[in-house]
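Participant: Following the working numbering, the numbering of the first sequence begins with 285 at its first residue and continues without gaps. We put the beta carbon where it would ideally sit given N, CA and C, even for glycine. Since the structure is predicted, the reported quantities are computational estimates derived from the model, not experimental observations. To start, I am sharing the structure in question, which I have written as structure tokens.
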Amino acid sequence: MRIATWNVNSVSARLPRLLPWLEDTTPDVVALQETKCAAGAFPHLPLQAMGYEVLAAGDGRWNGVAILSKLGIAEPVTDLPGHSEARLAAAQCGPLHVTSVYVPNGRAPADAQYPYKLDWLAALRARLEALDPTQPMVIMGDFNVAPTDDDVWDIRAFAGSTHVTAPERAGIQALLDWGLIDLPARPGKGDHPFTYWDYRAGMFHKDLGMRIDLVLATPAIRVRDAYVDREARKGKLPSDHAPVVVDIDL
DNA sequence: ATGTCATCTTAGAGATGA
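Pasting the structure below:
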């Protein structure tokens, strides 16, 4: 079984990249983030034509998450208590419980978005109480947190920035403490499996990136392979994120 | 540290967020 997560930075704008990528990569389940379209405007038809059932949550201009599944969509959930933005989609996809998350960016530690980000992570953790860590389950998506200093190109460049602060990392650690494992992925290039590179300043070509797109899995899942698909970040009008692809056995 | 991109407003370029 092949699963993947990808922040596409607009599913409409990325459709010319997404559809061939699905054709080539043939994942069974895909978590998408930053779809940036209302649920009613989601491009269901071309995805259904490829054999995917779709669960989409959308606000319109910002945010938006989805799950594409060839193994069915059961028990769909798109709300997170206390939080109205479209940042979570969860469903049972055959034998695997899947959650697609787009954690708030936080903007800056002094910004009101920063405590909102920490609250959101706490709500995600609280949601786990209703789930079973012995069952096959993944939470994957754009967490907007680099779990360790090695997950950014130069920690010194992040002084005073979000994504690397102790409270944000504690929010991720709380998920791991519940019983999830941060799956290590093979990097597409270099030593670090970065998943995001800013569009500006040639950051991608200099491999000045961040590992902020994570696949967190319960131990019931056996991992055969996991890699960052750096090729998808190249070429014409890419997303600023690369997909993470994981081959698993249950 | 920022050389880009996508979207919305509202009909052209500016604001916003990442």
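1) Ordered along the chain, which non-local residues of its own chain (more than five positions away) have a Cβ less than 7 Å from that of D524?
2) Residues in the same chain with beta-carbon distance under 8 Å from T309, minus the five sequence neighbours each way, listed in chain order, please.
3) Under a three-way DSSP split, which group does T383 fall into?
4) With a floor of 3 residues, list each beta strand (DSSP E) that falls wholly inside the stretch 301-346, ordered by position along the chain.
5) Please state whether the Cβ-Cβ distance between A501 and V422 is less than 8 Å.
6) Got a sec? Which residues, its chain only, sit under 7 Å from P379 by beta carbon, not counting five neighbours each side?
7) Considering only heavy atoms of the ligand FAD, does any lie closer than 7 Å to the CB of T502?
8) Does the beta-carbon of W332 have 16 or more other beta-carbons within 10 angstroms, so that it is buried, or is it exposed?
9) I need the straight-line Cα distance from P399 to P451, nearest angstrom please.
10) Can you grab the Cα-Cα spacing for the pair A407 / L302, in whole Å?
11) By the three-class DSSP mapping on this structure, what secondary structure does Y483 have?
12) Helix or strand or just coil, what does DSSP make of L269?
13) With distance defined between alpha-carbon atoms, name the residue in G519, F326 and P311 nearest to V295.
14) Please identify the residue among W290, P311 and V313 whose C-alpha is closest to the C-alpha of T319.
15) Pick out whichever of K518, A430, L521 and V349 has its Cα sitting closest to the Cα of Q317.
16) On the DSSP letters alone, give me the boundaries of the alpha helix (DSSP H) that W290 sits inside.
17) Looking at A430: is its Cβ nearer than 8 Å to the Cβ of I496?
18) How is D435 classed by DSSP in three states: helix, strand or coil?
19) Give me the residue from V385, W437 and T446 with the minimum Cα distance to K490.
20) Within 10 angstroms of the Cβ of R298, are there 16 or more other Cβ atoms? Answer buried if so, exposed if not.
21) Have a look at R345, V313 and W346 and flag the residue whose alpha-carbon is nearest the alpha-carbon of L339.
22) Closest to G335 by C-alpha separation, out of R345, I351, A323 and F488, would be which residue?
Facilitator: Quick look at the numbers:
1) Closer than 7 Å at the Cβ level, and outside the excluded window around D524, lie N293, Y480, W481, D482 and Y483.
2) So the list reads R286, A288, D513, P527 and V529, once near-sequence residues are dropped.
3) Here T383 sits in strand by DSSP.
4) Correct list: 313-317 and 337-341.
5) Cβ distance < 8 Å, so A501 and V422 count as in contact.
6) The beta carbon of P379 sits closer than 7 Å to the beta carbons of P420 and L534 from its chain, once the five residues preceding and following it are set aside; these are given in chain order.
7) By its list of ligands, the structure shown contains no ligand whatsoever, and the ligand FAD lies outside what it can speak to.
8) According to the sequence as given, residue 332 is Gln; it is not Trp. Taking every protein chain shown into account, the CB of Q332 has fewer than 16 other CB atoms within 10 angstroms, so this residue is exposed.
9) Rounded to whole angstroms, the gap between the alpha carbons of P399 and P451 is 10 Å.
10) Taking the straight line joining both Cα atoms gives about 30 Å.
11) Look at Y483 here: in three-state DSSP terms it is coil, with no helix or strand label.
12) This structure cannot speak to residue 269, because the chain is shown only from 285 to 534.
13) Of all alpha-carbon atoms in G519, F326 and P311, the one lying nearest the alpha-carbon of V295 is that of F326.
14) When each option's Cα is compared against that of T319, the closest is W290.
15) Looking at K518, A430, L521 and V349, the one whose alpha-carbon comes closest to that of Q317 is V349.
16) No alpha helix (DSSP H) holds W290; the beta strand (DSSP E) holding it covers R286 to N291.
17) Yes, they are a contact pair.
18) Under the three-state reduction of DSSP, D435 is assigned to helix.
19) For the residues V385, W437 and T446, the minimum Cα distance to K490 belongs to W437.
20) It is buried - the Cβ of R298 has at least 16 other Cβ atoms within 10 Å.
21) The shortest C-alpha separation from L339 is found at V313.
22) Put simply, of R345, I351, A323 and F488 the residue whose alpha carbon is nearest the alpha carbon of G335 is I351.
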